[in-house]
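See below for the structure under consideration.
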Amino acid sequence: MNNCLNVRMIEFKLMGDERGSLVVCEGGTDIPFIAKRIFYIFGSDQSVVRGNHANRRSEFVLINVAGRSKVRIKDGRGNEMVFALNRPHTGIYIPSMVWKEMYDFSSDSVLLCLASEHYDADEYIRNYDEYVREQK
Ligand code: TYD
Numbered sequence: 002m003n004n005c006l007n008v009r010m011i012e013f014k015l016m017g018d019e020r021g022s023l024v025v026c027e028g029g030t031d032i033p034f035i036a037k038r039i040f041y042i043f044g045s046d047q048s049v050v051r052g053n054h055a056n057r058r059s060e061f062v063l064i065n066v067a068g069r070s071k072v073r074i075k076d077g078r079g080n081e082m083v084f085a086l087n088r089p090h091t092g093i094y095i096p097s098m099v100w101k102e103m104y105d106f107s108s109d110s111v112l113l114c115l116a117s118e119h120y121d122a123d124e125y126i127r128n129y130d131e132y133v134r135e136q137k
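Going by this note's numbering, the final residue of the sequence shown carries number 137, and the count climbs one at a time with no gaps.
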């Protein structure tokens with residue numbers, strides 16, 4: 002995988018005591034941007050593939066706050082990597098211009114997504130050939 006994509010796993014501090022666990026994701030420190038948008042995905046089963054897009058501007062952190070899923074990353078140059086999300090205090094950081102596919106959702110999966118930008122359909126590249134062209 003071309004390292005310039007800079008996709009990486011982030012381990013958040015787990016603040017646990019006898020009452021349970023608490024995880025903090027502070028913008029600019031725990032994650033490398035200030036989140037302007039938060040959404041979450043649940044009710045997707047094992048056969049579903051979501052994402053299938055790259056974003057020209059948005060950066061993301063994805064955290065399975067419950068259950069499990071996988072994220073396949075492609076760089077448009079023939080390289081791909083798969084990341085497993087299966088712990089509520091571990092996320093994946095995905096910079097802009099990275100192709101992503103989320104799949105293999107467990108039935109209890111709740112995938113929390115933090116985004117650096119407000120939603121703008123025009124900054125989504127949903128066609129892989131177009132993504133490859135723009136990567137060049
Ligand atoms: P979509 O991008 O297909 O979801 P995923 O990345 O999980 O495959 O989004 C599904 C629908 O929700 C689509 O009609 C666009 C809309 N949507 C918003 O309006 N705002 C958002 O922030 C997101 C992520 C999606």
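Ideal placement from N, C-alpha and C gives every residue a C-beta, glycine not left out.
- Exclusion of the five residues before and after Glu81 leaves Met2, Arg73, Ile74, Lys75 as the residues of its chain whose Cβ lies within less than 8 Å of its Cβ.
- Residue range 38–43 is occupied by the beta strand (DSSP E) that includes Tyr41.
- Relative to ligand 1, Phe106 has its C-beta separated by 8 Å or more from all heavy atoms.
- Excluding residues up to 5 positions away in sequence, Val83, Phe84, Ala85, Leu86, Met103, Tyr104, Asp105 lie with their Cβ nearer than 8 Å to the Cβ of Lys71 in the same chain.
- DSSP places Val133 in the helix class (H, G or I) of the three-state scheme.
- Under the three-state reduction of DSSP output, Asp18 falls in the strand class.
- Placement of the Cβ of Asn53 at a distance of less than 8 Å from at least one heavy atom of ligand 1 is found.
- Scanning its chain for C-beta atoms nearer than 8 Å, with the 5 sequence neighbours on each side dropped, one finds around Pro96 the residues Leu6, Asn7, Val8, Glu60, in chain order.
- Under the three-state reduction of DSSP output, Glu124 falls in the helix class.
- Residues Glu60, Ser117 of the same chain have their beta carbon placed closer than 6 Å to that of Phe34, with the five preceding and five following residues left out of the count.
- Annotation for Gly77: no beta strand (DSSP E) segment contains it, and DSSP assigns it neither H nor E.
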